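Below is one structure, written out as structure tokens; comments come after it.
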Amino acid sequence: MLSSTLRTAARRTMARTMSTDAAHRPPMDLHGTVARYANATYVAASKANILDKVEAELNGIKLTASKSPAFQSFLENPLISRDQKEKSVAEFMKGKVSNVTLNLMLTLAGNARLVEASKIADTYGKLMKAKRGEVEATIISADALTKAQLDTVATAMKSQVGKDKKVILSTEVDPNILGGLQVQIGDQFLDLSVGSKIDSISRTVV
135 MLSSTLRTAA RRTMARTMST DAAHRPPMDL HGTVARYANA TYVAASKANI LDKVEAELNG
195 IKLTASKSPA FQSFLENPLI SRDQKEKSVA EFMKGKVSNV TLNLMLTLAG NARLVEASKI
255 ADTYGKLMKA KRGEVEATII SADALTKAQL DTVATAMKSQ VGKDKKVILS TEVDPNILGG
315 LQVQIGDQFL DLSVGSKIDS ISRTVV
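Residue 135 is where the sequence shown starts when you use this note's numbering, and the numbers rise one by one after that.
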């Protein structure tokens, strides 16, 4: 009875978030099952004015799953009934996380989708980065870049993504590219490496 009540309450809460005004609408269009849960959670968190809090809670759940085999097993185990998972989620999280996060986890438990929790956390994170105007960029170089070089690259990227965007820059070292840079900005990839140019020349010669 308790599980049924929890399930009904959580589903009603999540369903109400699907119809909303522009003020609480997610900042980017994402599609698919995981995105649907992330979108609904974003709307609910926006209405409650706890977007950052929910982001931290979801990241905490993801971190716990990555460090605790027992918790990860609980999320993934299809042999545990939906009712039992709902009861366990309520016991674990009630009073420890916001109602928005609790409702999400109860809904996932009732729909046998707790295994998607980490993916939903990642997708919610994408929505939050879009809200903050953050653009992730990765610079891959043959040797570690100096601070001056990084500053030059960051300035160049800023002009590409727009003044209203904040570039979150990370770097990787890959000796195989020989020289030059490989740049990943969001979904765009630009290969300016020496290795790529050699490959291009080799294909032309052949």
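For every residue, glycine included, the Cβ atom is placed at its ideal position computed from N, Cα and C.
All values derive from a computational prediction rather than experimental measurement.
In the DSSP assignment, alanine 271 forms a beta bridge with Leu303 and Ile319.
For tyrosine 171 and threonine 257, the gap between their C-alpha atoms comes out near 9 Å. Of all alpha-carbon atoms in Ser180, Thr167, Ala156 and His165, the one lying nearest the alpha-carbon of methionine 262 is that of Ser180. Proximity to asparagine 310 across Arg159, Thr286, Gln218 and Asp325 peaks at Asp325, based on C-alpha coordinates. Here serine 252 is buried: its Cβ has 16 or more other Cβ atoms, across all protein chains shown, within 10 Å.
Taking a contact to require three or more Cβ pairs closer than 8 Å, the region 226 to 243 and the region 267 to 276 do not qualify as touching.
Here the region 190 to 198 does not lie against the region 217 to 226, with fewer than 3 beta-carbon pairs under 8 Å apart. Between the beta-carbon of lysine 260 and that of leucine 185 there is about 13 Å, and that puts the pair past the 8 Å contact cut. Asparagine 245 has its alpha-carbon roughly 15 Å from the corresponding atom of alanine 174. In this structure, glycine 320 sits away from valine 249, with a CB-CB distance that is not shorter than 9 Å. Rounded to whole angstroms, the gap between the alpha carbons of isoleucine 214 and threonine 235 is 21 Å. Apart from sequence neighbours up to five positions away, the residues of its chain that approach leucine 238 with a beta-carbon distance below 6 Å are Thr175, ordered along the chain.
The C-alpha of valine 317 lies about 16 Å from the C-alpha of threonine 280. In the three-state reduction of the DSSP assignment, leucine 312 falls in the coil class. In this structure, Ala255 is the residue among Lys201, Ala178, Ala255 and Arg159 with its C-alpha nearest to the C-alpha of glutamate 191. Rounded to whole angstroms, the separation of the alpha carbons of leucine 315 and aspartate 298 is 25 Å. By the Cβ neighbour-count rule, alanine 157 is exposed, with fewer than 16 other Cβ atoms within 10 Å of its own.
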